[in-house]
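K.L.:
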Amino acid sequence: MSVEEQLVETAKQGKLLTHKCTNCGYLHLSTAYYCLKCGSKGFEDVILEGTGTIATYTIITVAPAGFEKYTPYAFVVLQLDNTHLRISGFMAGITTPADLPIGTKAKITGFDDRGIVVEKQ
Amino acid sequence: MTFVEKVCVLGAGSTKYGKLADSIADLTTQASVSAIENAGIDPKEIKASYISNVFGVADKQVHIGPVLMSRLGIPDKPSLTIESACGSGSVSFREAFANVAAGFYDCLLVTGVEKVTHTGTEWTTTYFAYCSDFFYEGQAGASFPGLFATMARAYLTEFKATEEDFARVAVKNHENGILNPKAHMQKKITVEDVMKSPVVASPLKLYDCCPFSDGASSVILCSEKFAKENGGDYIEVIGSGRGGSSAALQGREHLTTIPSTKIAAEAAYKMAGVTPKDIDFAEVHDCFTIAEIIDTEDLGFFEKGKGVVAVREGRTRLNSDISINPSGGLKSKGHPIGATGVGQIVEVFDQLTGNAGQRTVKDAKIGLTHNFGATGASCAVHVFQSV
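Line order of the protein sequences matches chains A and B. Per this note's numbering, the first sequence starts with residue 6, numbered consecutively. Per this note's numbering, the second sequence starts with residue 12, numbered consecutively.
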């Protein structure tokens, strides 16, 4: 499986595959091939629960092709618990900012034709 | 860094920006011919061309360079097409600059072009989303207004700012665009108009967004020796910098700053030997209202969080503290993405050679251009000086 396929398969289980540098310990999303901090290439897999808080988001009403049927929906940036990492994702059922205050707890719940799917907890 | 040659802009020209009927090849040629004629040179003096374009495939023409050179009567001269999303124009200019500075060529043509409006809003939105880090962003339904809207939401959360403040950027740039005959949107608007316009990606509304535009812009770039021997008015390129940022917003430490702008600006200021205080006016990348506020902070004109105060107080209007986007910017002049970065340089050339008409920045000697690709994943900044 390619790196992207592995990330997708893990996301389908509601989890997030990450890569920890075996030299310096810095944590990356699993699409990293070299360490951002020390430049070395060895990584070990760390599977995160995919839980976090909403760092920022938007509610999209004018959508790219394939997403018209989902409008309005939120595109969110999730700050993952206990790490510096963030992950982007799709969130359904958000129509006004009152539905999703910054800091709302949320979790990766799957992966489909909407990319990484995130839901409120 | 030691350069063999001082680099100058000797001529500049643009088509009108807007929803245009002409083909991409025709637009490319029209802008190029206007720059050649403005420079007053024989096309055979051009040693090579740098073309910036992103979605040529949408108008059934990629590999535009040789088509342009054939139409200019110089099919034997080399050309190169450069793609760096919405920052293609300035990156293309930078590559040409480096080649003249190094002494490889004494006269180059730099032309940017885009032709997309015929594909319609849905497909243009879709194509533009391909400029994101698609695996993480486009694939999860992010549009470009959506990505900048996440930055806008973060800015509203972090600083004392309102959606009305964002609207003031649009109002100001439309004020300038009315004075620019080449502008796409020559229409006065009010804060209320922006606030009442339909939401595209909250908190951004239609009038917070630049339009999709067609158009082309072109400049002649040459050595100082060539400029003195062959042309009329010219300006000098005194600073050039490039930078990069994590392709996806999620990978950046702060969501309200664009690292590539800071890196490019620092390099350009250093090369030029100037500071932000020395800049008389700037053409900055205002693809969305929030972007202009963030740009003016990252370029060092205002402290972080204070760009919004400057807009509220009118300090970025034409002939105020610092004129930001006298051309009308992407917001009002329009945003044909491959052309935009070159179009900014056309504006600086017109300003510094006294050909900016009613939108002239008074007593301007030093101008800056700032143009980035996607959400600032790539960026180039240039500093110019009148001669």
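Backbone N, C-alpha and C define an ideal beta-carbon position, used for all residues, glycine too.
Since T286/B meets chain A, which of its residues come closer than 9 Å, beta carbon to beta carbon?
P.N.:
Neighbours of T286/B on chain A: none; closest Cβ ~31 Å, over 9 Å.
K.L.:
Please list, in chain order, the chain B residues whose beta carbon lies closer than 8 Å to that of T61/A.
P.N.:
T161, M162, R164, A165, T168 and L266
K.L.:
Contact criterion: CB-CB distance below 7 Å. Does T136/B meet it with respect to chain A?
P.N.:
yes
K.L.:
Compare the C-beta of S154/B against all C-beta atoms of chain A and say whether one is closer than 7 Å.
P.N.:
Chain A, which has a Cβ nearer than 7 Å to the Cβ of S154/B, makes this yes.
K.L.:
Please classify H393/B as buried or exposed, where buried requires at least 16 neighbouring CB atoms within 10 angstroms.
P.N.:
buried
K.L.:
To the nearest angstrom, how far is it from the Cα of A278/B to the Cα of V248/B?
P.N.:
13 Å
K.L.:
L260/B versus chain A: which residues are under 9 Å apart at the beta carbon?
P.N.:
T61, V82, R91 and S93
K.L.:
List, in chain order, every chain A residue whose beta-carbon is nearer than 7 Å to that of Y7/B.
P.N.:
Because chain B spans 12 through 398 in this model, residue 7/B falls outside it and cannot be assessed.
K.L.:
Tell me the DSSP secondary structure of N382/B in three-state form.
P.N.:
strand
K.L.:
Under three-state DSSP, which class holds E124/A?
P.N.:
strand
K.L.:
E14/A versus chain B: which residues are under 7 Å apart at the beta carbon?
P.N.:
Within chain B, no residue comes near E14/A; the closest Cβ sits about 14 Å away, beyond 7 Å.
K.L.:
Which residues does DSSP pair with Q396/B in a beta bridge?
P.N.:
When beta bridges are read from the DSSP output, Q396/B appears opposite E247/B and I377/B.
K.L.:
Any beta carbon from chain B within less than 7 Å of V67/A's own beta carbon?
P.N.:
yes
K.L.:
For a cutoff of 7 Å on Cβ pairs, would you count E133/B as touching chain A?
P.N.:
yes
K.L.:
Anyone know if the C-beta pair for I52/A and K74/A falls short of 7 Å?
P.N.:
Taking 7 Å as the cut-off, the Cβ atoms of I52/A and K74/A do not count as close.
K.L.:
Considering only the beta carbon of each residue, do D291/B and K376/B sit closer than 7 Å?
P.N.:
yes
K.L.:
In the DSSP assignment, what are the bridge partners of L21/A?
P.N.:
L53/A
K.L.:
Judging by CA-CA distance, which residue of L379/B, R323/B and V230/B is the nearest neighbour of T40/B?
P.N.:
V230/B
K.L.:
Using 8 Å for Cβ pairs, my map puts G157/B next to T63/A. What's the rounded Cβ distance?
P.N.:
5 Å
K.L.:
Since G345/B contacts C221/B with CB under 8 Å, what's their CB separation in whole angstroms?
P.N.:
7 Å
K.L.:
Report all residues from its chain with a CB closer than 8 Å to the CB of K281/B; omit the five preceding and five following residues, and keep chain order.
P.N.:
G250 and G252
K.L.:
State the beta-bridge partners of Y78/A as determined by DSSP.
P.N.:
I65/A
K.L.:
Return helix, strand or coil for L91/B, following the three-state DSSP convention.
P.N.:
Looking at L91/B - three-state DSSP - the assignment turns out to be strand.
K.L.:
I need the straight-line Cα distance from E16/B to I269/B, nearest angstrom please.
P.N.:
32 Å
K.L.:
Given that a residue counts as buried once 16 or more other Cβ atoms are within 10 Å of its Cβ, and exposed if not, what is G94/A?
P.N.:
buried
K.L.:
Compare the beta carbon distance of L379/B and A293/B with 7 Å and say whether it is the shorter of the two.
P.N.:
yes
K.L.:
So which residues on chain B does A70/A lean against when the C-beta distance must stay under 7 Å?
P.N.:
E133, W134 and T137
K.L.:
From F395/B, G349/B, E240/B and T371/B, pick the residue whose C-alpha is nearest to that of V121/B; which is it?
P.N.:
G349/B
K.L.:
Can the beta-carbon of S34/B be found less than 7 Å from the beta-carbon of D117/B?
P.N.:
No, they are not a contact pair.
K.L.:
List in chain order: all unbroken alpha helix (DSSP H) runs of 4+ residues lying wholly within the segment 295-322 of chain B.
P.N.:
Qualifying alpha helix (DSSP H) stretches, in chain order: 300-309.
K.L.:
Give the list of continuous alpha helix (DSSP H) stretches no shorter than 4 residues that lie fully inside the segment 207-289 of chain B.
P.N.:
235-241 and 270-283
K.L.:
I'd like the list of long-range same chain contacts for K183/B, defined as Cβ closer than 6 Å, with 5 residues on each side in sequence excluded.
P.N.:
Scanning its chain for C-beta atoms nearer than 6 Å, with the 5 sequence neighbours on each side dropped, one finds around K183/B the residues R328, in chain order.
K.L.:
Drop a sphere of 10 angstroms on the beta-carbon of E264/B, count the other beta-carbons inside from all chains shown, and report buried for 16 or more, exposed for fewer.
P.N.:
Flag for E264/B reads exposed.
K.L.:
Assess, as a yes-or-no matter, whether the segment 192-205 of chain B is touched by the segment 308-323 of chain B under the definition of 3 or more beta carbon pairs within less than 8 Å.
P.N.:
no
K.L.:
Between which two residues does the beta strand (DSSP E) holding L21/B run?
P.N.:
For L21/B, the enclosing beta strand (DSSP E) stretches over residues V18 to S25.
K.L.:
Could you check the C-alpha separation between F360/B and N336/B for me, to the nearest Å?
P.N.:
14 Å
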